[in-house]
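Each remark here refers to the structure printed beneath this line.
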Amino acid sequence: MENKVYKSVVIGTGPAGYTAAIYLARASLNPLVIEGPQPGGQLTTTTDVENFPGFPEGIMGPELMDNMRKQAERFGTEFKSGWVTGVDFSKRPFKLQVEGIGEIVTESLIVATGASARYLNIPGEQENLGKGVSACATCDGFFFRGKKIIVIGGGDSAMEEANFLTRFASELTIVHRRDELRASKIMQDRAKDNSKIKWALNRTPLEVVGTGMGIIGLKVKNNETGAEEMIETDGLFVAIGHKPNTDFLKGHVELNDQGYIVVKPGTSETNIPGVFAAGDVHDMKYRQAITAAGSGCQAALDCEKFLEGSMAHDWSSTLSN
Ligand SMILES: Cc1cc2nc3c(=O)[nH]c(=O)nc-3n(C[C@H](O)[C@H](O)[C@H](O)COP(=O)(O)OP(=O)(O)OC[C@H]3O[C@@H](n4cnc5c(N)ncnc54)[C@H](O)[C@@H]3O)c2cc1C
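Heads up: the sequence shown runs through residues 1 to 321, numbered per full-length UniProt numbering.
Take a look at the structure:
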């Protein structure tokens with residue numbers, strides 16, 4: 001076990017975690033960042049990012065994240081690789097159990113562990129991420145102007161993404177494995193009133209068919225007849241929900257019924273003083289790199305304020321084991 005007490009620890013190295021680290025490091029708070037199972041976060045799984053300000057020609061996701069990491073390192077951020085599996089927030093300093101490291105002790109914490117899109121886990125899906133398959137209509141819809149699009153899902157977010165994507169699509173098909181949709185009536189009606197949307201209900205997706213350069217269709221099973229069918233498409237948007245990465249926080253900090261961290265409106269503060277949340281781990285609505293980065297900034301500023309208010313503590317202290 002380490003005997004150091006950190007002033008601030010950030011969990012996660014997506015845009016939220018890196019931005020929090022940049023602000024904390026520039027405020028001389030010497031943050032430790034635990035990078036977890038996906039260094040660089042979700043954007044490392046995509047290619048072109050065209051909507052992050054400052055890059056008029058766009059930038060590749062992994063390159064953007066690499067730049068953010070370098071910027072955080074430049075101001076003295078310390079990085080460690082590990083997976084946070086448990087926390088003790090019963091008193092300060094807080095304790096973190098980190099697989100691959102051991103116990104980490106800190107006066108304040110920013111949780112920026114993101115949320116993972118749920119995927120279908122069918123052949124061809126992961127291989128074609130960024131090459132036709134996406135889980136983010138806002139991010140990738142623009143790449144499918146004048147093209148055929150499939151949206152998978154039957155909930156509100158699938159209806160919303162489908163309606164949005166009809167701005168770009170030449171034709172759009174919603175594929176859902178049941179006969180009935182889970183979406184609220186108002187969202188269903190909106191989609192049903194949209195003349196660009198076609199329906200392939202009662203179809204189970206079996207395989208995304210690609211060429212190596214892009215995708216050409218989705219193989220589905222018709223649940224009524226049992227027959228296999230091919231729906232031609234250039235783009236496939238999976239809209240079956242997200243799962244916030246908060247399993248290790250259950251019972252330790254307030255989460256909503258979907259597992260997202262609850263923050264005080266307009267702040268990054270959780271119900272535990274000294275524990276802050278940033279990025280997709282608390283944001284069910286926007287889920288963008290720029291909003292995650294912005295909330296990383298907010299969390300770092302809230303954290304700085306919090307630490308200022310408890311400055312009576314000797315920051316250079318160490319724990320005697
Ligand atoms: C394919 C794809 C394309 C996208 N394209 C765009 C785009 O073009 N523009 C845009 O604005 N947005 C895009 N997004 C959305 C954007 O990536 C997210 O909104 C953003 O990455 C969220 O940032 P974050 O910092 O909150 O979390 P994430 O990026 O999800 O990072 C989470 C971090 O937490 C770590 N972590 C998780 N659990 C633990 C744990 N238990 N212990 C330690 N560490 C942990 C992970 O390793 C990771 O480093 C895209 C998303 C996807 C999936």
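Just so it is clear, CB atoms sit at the ideal spot from N, CA and C, and this is done for glycine as well.
Predicted model, so just to flag it, every value in this text is computed and none were measured.
Limits of the unbroken beta strand (DSSP E) element including residue 188: Residue 188 -> not in any beta strand (DSSP E); alpha helix (DSSP H) instead, spanning 185-192.
Closer than 7 Å: residue 303 CB and nearest ligand 1 heavy atom: Between ligand 1 and residue 303, a heavy atom-to-CB distance of less than 7 Å is absent.
Three-state secondary structure (DSSP) of residue 222: For residue 222, the three-state secondary structure derived from DSSP is strand.
CB-CB length for residue 62 against residue 44, believed under 8 Å: 5 Å
Buried/exposed call for residue 19, threshold 16 Cβ in 10 Å: Using a 10 angstroms sphere on the CB of residue 19, the tally of other CB atoms reaches 16 or more, which defines it as buried.
Three-state secondary structure (DSSP) of residue 170: coil
Local conformation of residue 97 per DSSP, three classes: strand
At least 3 beta-carbon pairs within less than 8 Å: the stretch 277-286 vs the stretch 75-92: no
C-alpha gap between residue 65 and residue 278, whole angstroms: 16 Å
Rounded C-alpha distance that separates residue 321 from residue 3: Because the pLDDT of residue 321 is 32, which lies under 50, any placement of that residue in the model is unreliable, and the number read from its coordinates should be weighed accordingly. Rounded to whole angstroms, residue 321 to residue 3 spans 7 Å at the Cα level.
Candidates 222, 231, 34, 73, of which the one nearest residue 148 by Cα: Nearest C-alpha to residue 148: 231.
Cβ shell of residue 260 (< 8 Å), same chain only, five flanking positions each side left out: So the qualifying residues of the chain are 115, 244, 246, 281, 282, 283, 284.
Cβ pair count under 8 Å reaching 3, the stretch 123-137 against the stretch 26-35: Output reads no: the stretch 26-35 does not touch the stretch 123-137.
CB contact flag (residue 142, residue 164, <8 Å): no
Nearest-angstrom Cα separation, counted from residue 188 out to residue 179: Going by the C-alpha atoms only, they are around 13 Å apart.
DSSP bridge partner residues for residue 243 (one or two, in chain order): 116
Meets three-Cβ-pair contact criterion under 8 Å: the stretch 183-197 and the stretch 152-161: In short, these stretches touch, since the Cβ pair count reaches three.
Three-state class that DSSP yields for residue 286 in the structure shown: Coil.
Spatial neighbours of residue 59 in its chain, beta-carbon cut-off 7 Å, leaving aside the 5 residues before and after: When the five nearest sequence neighbours on each side are left out, the beta carbons in the same chain lying within less than 7 Å of the beta carbon of residue 59 are those of 49, 52, in order along the chain.
Heavy atom of ligand 1 within 7 Å of residue 52 beta-carbon: Yes, Cβ of residue 52 sits closer than 7 Å to a heavy atom of ligand 1.
Neighbourhood of residue 253 by C-beta distance below 7 Å, restricted to the same chain and skipping five residues each side: 89, 261, 270, 271, 272, 275
Alpha-carbon spacing of residue 322 relative to residue 181, whole angstroms: Residue 322 cannot be examined here, being either before or after the span of the chain that is shown, 1 to 321.
Minimum length 3: unbroken beta strand (DSSP E) runs contained in the stretch 57-111: 78-80, 83-88, 94-99, 102-106, 109-111
DSSP beta-bridge partners of residue 230: 219
Cβ-Cβ separation, residue 13 to residue 39 (assumed contact under 8 Å), whole Å: 5 Å
Between the CA atoms of residue 309 and residue 300 - distance to the nearest angstrom: 14 Å
Top-ranked residue by Cα proximity to residue 6, from 33, 146, 15, 16: 33
CA-to-CA distance, residue 206 to residue 16, given in whole angstroms: 35 Å
Sequence-distant residues of its chain with Cβ nearer than 6 Å to residue 21 (five each side left out): 10, 31, 33, 72, 77
Endpoints, alpha helix (DSSP H) assigned at residue 17: Note, residue 17: alpha helix (DSSP H), 15-26.
Those residues which DSSP pairs with residue 134 across a bridge: 237
Expected contact under 8 Å - CB spacing of residue 220 and residue 175 to nearest Å: 6 Å
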